[in-house]
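S.K.: The opening position of the sequence shown corresponds to residue 954 in this note's numbering, with each subsequent residue numbered one higher. Virtual Cβ for every residue (Gly too), placed ideally from N, Cα, C. What follows is a single structure, and I will ask about it in a moment.
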Amino acid sequence: MTIAHDHVGIALLAGNAHPELAEAVARLCGATRVPVSIGAFADGETRIRIDGDIAGADLYILQPTSAPTNERLMTLALLADAARGAGAARITAVVPYFGYARQDVRKTPGEPRSARLAARLLADAGIDRLVALELHSPALESAFDMTFVHLEADELMLPAVRGWEVPALTIVSPDAGGLKRAQRYAIALAVPLGVVAKTRPAPDVAVAAGVLGDVRGRSCLIVDDMASTGGTIAGAAQALLAAGAREVHALFVHAVMAPGALERIRAASVGRILTTDSVPGAAPTIERVSIAPLLARTLGRLARAA
954 MTIAHDHVGI ALLAGNAHPE LAEAVARLCG ATRVPVSIGA FADGETRIRI
1004 DGDIAGADLY ILQPTSAPTN ERLMTLALLA DAARGAGAAR ITAVVPYFGY
1054 ARQDVRKTPG EPRSARLAAR LLADAGIDRL VALELHSPAL ESAFDMTFVH
1104 LEADELMLPA VRGWEVPALT IVSPDAGGLK RAQRYAIALA VPLGVVAKTR
1154 PAPDVAVAAG VLGDVRGRSC LIVDDMASTG GTIAGAAQAL LAAGAREVHA
1204 LFVHAVMAPG ALERIRAASV GRILTTDSVP GAAPTIERVS IAPLLARTLG
1254 RLARAA
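Structure, rendered in structure tokens:
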């Protein structure tokens, strides 16, 4: 199969992490899907074979590095290396959820800088440009020695929140690190802003220490980049209810959701939950907004600028 490579055409290769999202993006932007075989050798090593002619192509590889993170990241690197060997002119990795983004600095001796190592792996594999949605920390952009396109989910999530018509709404950041994100939502919705002070006594363990801002009698919407164990959102919800909040809802971009996370969030009396389909498999009881339109527009813009 030969792929069309005109200056406005988009050649899209779907990894194995989220084929449904790749199909939706390809449909919306009119991309040509590049056939690829992804399997495993007998010893478990990932086996890649690109079956289309991509010589000279401006190629886009869609592969979030969600669980199993190691496998998804290595598959992305192998896809990029195979594409480079097949003659792709430029390779853009579209990674809606970028894993390994939490351990970005060495807090104590003996810890790796995981984000920088993952970025180097992808650069060495031949990726020229990376598109990601809502990194855990925007400062992580400096870890990538390549062109980096950082997308925000606000335009997708805000219409859904407005549609809820929640009275007396207050936007709440579950920690100081997410304050800028929550502030964007509070400004866009013209509502008050609050923040929960949080400590982390251990990895994946969050303890809410107090609430800054008047939330008494208010409907609070916790805004965060991701939910993994659910502990941060559950702790924030409990702190808000203890401070007199009338009800608590939650919005997070990436539904990473380790086993037991949703149950933990629900047990904290969180009402409505809104997320995106940046990673596959969110529970059907969670309201999801598709990021396919945002990704399709972004790929179209990048392709036209090539």
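From ARG1073 to SER1095, what does the alpha carbon distance come to, in whole angstroms?
M.R.: Approximately 12 Å, taken between the alpha carbons.
S.K.: Express the C-alpha separation of THR1045 and ASP1057 in angstroms, rounding to a whole number.
M.R.: Roughly 22 Å separates the two Cα atoms.
S.K.: Can you tell me where the beta strand (DSSP E) with GLY992 in it begins and where it stops?
M.R.: Per DSSP, GLY992 belongs to the beta strand (DSSP E) from 989-993.
S.K.: If the criterion is Cβ atoms closer than 8 Å, does the pair VAL1206 and SER1181 meet it?
M.R.: Contact flag unset, no.
S.K.: Taking ASP1107 as part of the alpha helix (DSSP H), name the residues at either end of that continuous run.
M.R.: Per DSSP, ASP1107 belongs to the alpha helix (DSSP H) from 1107-1117.
S.K.: So the candidates are GLY1183, ALA1139, THR1028; which of them puts its Cα closest to the Cα of THR999?
M.R.: Residue THR1028 is the option with its Cα nearest to THR999.
S.K.: Which residues in the same chain as ILE1226 place their Cβ atom closer than 6 Å to its Cβ, once the five residues preceding and following it in sequence are excluded?
M.R.: Cβ within range, chain order: ALA1203, ILE1239.
S.K.: Quick one: complete beta strand (DSSP E) runs, 3+ long, within the stretch 979-1063?
M.R.: Those beta strand (DSSP E) runs which fall completely within the stretch 979-1063 and span 3+ residues are 989-993, 999-1003, 1011-1015, 1043-1048.
S.K.: Is there contact between the stretch 986-994 and the stretch 1239-1254, where contact requires at least three CB pairs shorter than 8 Å?
M.R.: Flag = no, the stretch 986-994 and the stretch 1239-1254 do not touch.
S.K.: Between the stretch 1030-1047 and the stretch 1080-1092, do at least 3 Cβ pairs fall closer than 8 Å?
M.R.: Result yes; three or more Cβ-Cβ pairs closer than 8 Å.
S.K.: Run through DSSP, which three-state label would SER1222 get?
M.R.: In this structure, SER1222 counts as coil in the three-state DSSP scheme.
S.K.: Determine the direct distance from the alpha carbon of GLY1213 to that of HIS960, and round the result to whole angstroms.
M.R.: For HIS960, the predicted model reports a pLDDT of 39, less than 50, meaning its position is unreliable and no value from the coordinates is stated.
S.K.: I think ALA1113 touches VAL1125, with their Cβ atoms under 8 Å apart; what is that distance to the nearest whole Å?
M.R.: So it is not a contact: roughly 17 Å between Cβ atoms.
S.K.: Fully enclosed by the stretch 1070-1146, which alpha helix (DSSP H) runs are 4 residues long or longer?
M.R.: Listed in chain order, they are 1107-1117, 1132-1142.
S.K.: Note down the Cα distance separating SER1090 from ALA1211, rounded to an integer number of angstroms.
M.R.: Straight-line Cα distance between these residues: approximately 20 Å.
S.K.: Measuring CB atoms only, is the stretch 966-976 touching the stretch 1008-1026, in the sense that at least three cross pairs come out at less than 8 Å?
M.R.: With the cut-off at 8 Å, the stretch 966-976 and the stretch 1008-1026 touch.
S.K.: Using a 10 Å radius around the Cβ and a threshold of 16 neighbouring Cβ atoms, would you call GLY1116 buried or exposed?
M.R.: It counts as exposed.
S.K.: Would you identify the three-state DSSP class for GLY1184, choosing helix, strand or coil?
M.R.: Three-state DSSP puts GLY1184 in a helix.
S.K.: Could you work out which residue in ASP1098, ALA1189, GLU1064, LEU1122 is closest to ILE1140 when comparing CA atoms only?
M.R.: It is LEU1122 whose Cα lies nearest to the Cα of ILE1140.
S.K.: With ARG1241 as the anchor, note down where its beta strand (DSSP E) starts and where it stops.
M.R.: First-last of the beta strand (DSSP E) with ARG1241: 1240-1242.
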